[in-house]
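Peer 1: Under numbering that gives the first Met the number 0, think of the first position of the sequence shown as 0, with each following residue one higher. By construction, the Cβ of each residue, glycine as well, lies at the ideal position given by its N, Cα and C atoms.
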Amino acid sequence: MILNQKIDLPILNKKDVSLYIKREDLIHPLISGNKFRKLKYNLVQLKAQGKNQLVTFGGAYSNHIAATAYAGNLKGVKTLGIIRGEELQYIWKENPTLEKAASNGMQFRFVSREAYKAAHRHVLLEALREEIGDFYYLPEGGTNALAVRGCEEILTKDDSEFDIISCPVGTGGTIAGLINAASPQQMILGFPALKEDFLMEDICKFVENSNWKLCREYHFGGYAKVNHELVCFINEWSEKHALPLDPVYTGKMIFGLIDLIGKDYFKPKTKILAIHTGGLQGIHGMNQYLQKKNLPLLSI
Ligand SMILES: Cc1ncc(COP(=O)(O)O)c(C=O)c1O
Numbered sequence: 000m001i002l003n004q005k006i007d008l009p010i011l012n013k014k015d016v017s018l019y020i021k022r023e024d025l026i027h028p029l030i031s032g033n034k035f036r037k038l039k040y041n042l043v044q045l046k047a048q049g050k051n052q053l054v055t056f057g058g059a060y061s062n063h064i065a066a067t068a069y070a071g072n073l074k075g076v077k078t079l080g081i082i083r084g085e086e087l088q089y090i091w092k093e094n095p096t097l098e099k100a101a102s103n104g105m106q107f108r109f110v111s112r113e114a115y116k117a118a119h120r121h122v123l124l125e126a127l128r129e130e131i132g133d134f135y136y137l138p139e140g141g142t143n144a145l146a147v148r149g150c151e152e153i154l155t156k157d158d159s160e161f162d163i164i165s166c167p168v169g170t171g172g173t174i175a176g177l178i179n180a181a182s183p184q185q186m187i188l189g190f191p192a193l194k195e196d197f198l199m200e201d202i203c204k205f206v207e208n209s210n211w212k213l214c215r216e217y218h219f220g221g222y223a224k225v226n227h228e229l230v231c232f233i234n235e236w237s238e239k240h241a242l243p244l245d246p247v248y249t250g251k252m253i254f255g256l257i258d259l260i261g262k263d264y265f266k267p268k269t270k271i272l273a274i275h276t277g278g279l280q281g282i283h284g285m286n287q288y289l290q291k292k293n294l295p296l297l298s299i
């Protein structure tokens, strides 16, 4: 049973809104939050197909890469990550996410940003099949129908008391699972970490219900972009509530929720459940970047 942590803040009392955080981050330090949910049925399927090799895609600091490597190691499955950025082949050992994934047995292929684009991925996959034989393919971010099925298990019967369920959005798999599992009277609010516009289509592939919305104003300039205000918000929050947030996903979602509460977006008496989707391993890599930019560091 995952804890729903109640948040105590003056703004919540003032607006008569309650906020709880579902601590999916506590499932595991690396296979945390939505990663555990997404990998669960995919690993069952991989075994059912008699395969022992998994190939997936990810960026340099990807939580999905970190989790897949760890889970593969645990389950005796060979993992190979196709990583965005050729330049990383010379410096990947300085990258905490890739270094940890390698220590969990993941092999890498570093490819150019052009070759990495979704439209070109089949070329990479075909070449890889020639080279290493058959494998189980898991798309970027771990999102596919089985991942969505796993994410449907984030919500339990007891969560039906909430009016709003919120989550961060990357590839759309997590929100799709929540939409499928929620009751019709609940509203699912997604906070995209990306500036781009393609998410609606991706989410619609997996859902039929229409009780959901994306709040697009809280990406802070785009994927993995942060500023002084966000870093200070995350540090203050984790100290005050003993609740760490990551800067790419959950930090932006909670910042957005608090901002919306302040702007009377929610009616008095609204009960909000925000899903903590994990991703805390990414803080180490982000701190390397913040240090170079002379910005305050995230506390760990
Ligand atoms: C910690 C964390 N939260 C949220 C997301 C977004 O989930 P999804 O890609 O299913 O939209 C990701 C990326 O997959 C993530 O790593």
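Can you name the start and end residues of the beta strand (DSSP E) that Gln106 belongs to?
Peer 2: 106–110 is the span of the beta strand (DSSP E), which, as asked, contains Gln106.
Peer 1: Does the stretch 252–259 come into contact with the stretch 286–294, if we say contact requires no fewer than three beta-carbon pairs (one atom in each stretch) closer than 8 Å?
Peer 2: The stretch 252–259 makes no contact with the stretch 286–294: fewer than 3 CB pairs, one atom from each, lie closer than 8 Å.
Peer 1: Helix, strand or coil: which one does DSSP assign to Ala192?
Peer 2: coil
Peer 1: Gly80 by DSSP, collapsed to three states: which one?
Peer 2: The three-state reading of DSSP puts Gly80 in strand, counting E and B together.
Peer 1: What does Asn3 pair with, by DSSP beta-bridge criteria?
Peer 2: Lys21
Peer 1: With burial defined as no fewer than 16 other Cβ atoms inside 10 Å of the residue's Cβ, what is the status of Val147: buried or exposed?
Peer 2: buried
Peer 1: Between Arg215 and the rest of its own chain, which residues show a CB-CB distance below 7 Å, the 5 nearest in sequence each way excluded?
Peer 2: Pro191
Peer 1: Give a single yes or no on whether Pro138 has its beta carbon closer than 7 Å to a heavy atom of ligand 1.
Peer 2: Every heavy atom of ligand 1 is 7 Å or more from the Cβ of Pro138, so no.
Peer 1: Looking at the secondary structure, which residues open and close the alpha helix (DSSP H) in which Trp236 lies?
Peer 2: 227–240
Peer 1: Which first and last residues belong to the alpha helix (DSSP H) in which Gln44 is found?
Peer 2: 33–47
Peer 1: Glu23: buried (16+ other C-beta within 10 angstroms of its C-beta) or exposed?
Peer 2: buried
Peer 1: For the alpha helix (DSSP H) that Gly57 lies in, which residues bound it at each end?
Peer 2: Looking at the DSSP string, Gly57 is not in any alpha helix (DSSP H); the run it does join, the beta strand (DSSP E), is 52–57.
Peer 1: Helix, strand or coil for Ile64, going by three-state DSSP, please let me know.
Peer 2: helix
Peer 1: Please confirm whether any heavy atom of ligand 1 lies closer than 7 Å to the CB of Asp158.
Peer 2: no
Peer 1: Spell out a yes or no on whether the stretch 160–180 and the stretch 205–215 are touching, meaning 3 or more CB-CB pairs, one atom from each, closer than 8 Å.
Peer 2: yes
Peer 1: Could you check the C-alpha separation between Glu160 and Ala126 for me, to the nearest Å?
Peer 2: 50 Å
Peer 1: Strictly by DSSP, which residues pair up with Ser298?
Peer 2: DSSP output for Ser298 lists no bridge partner at all.
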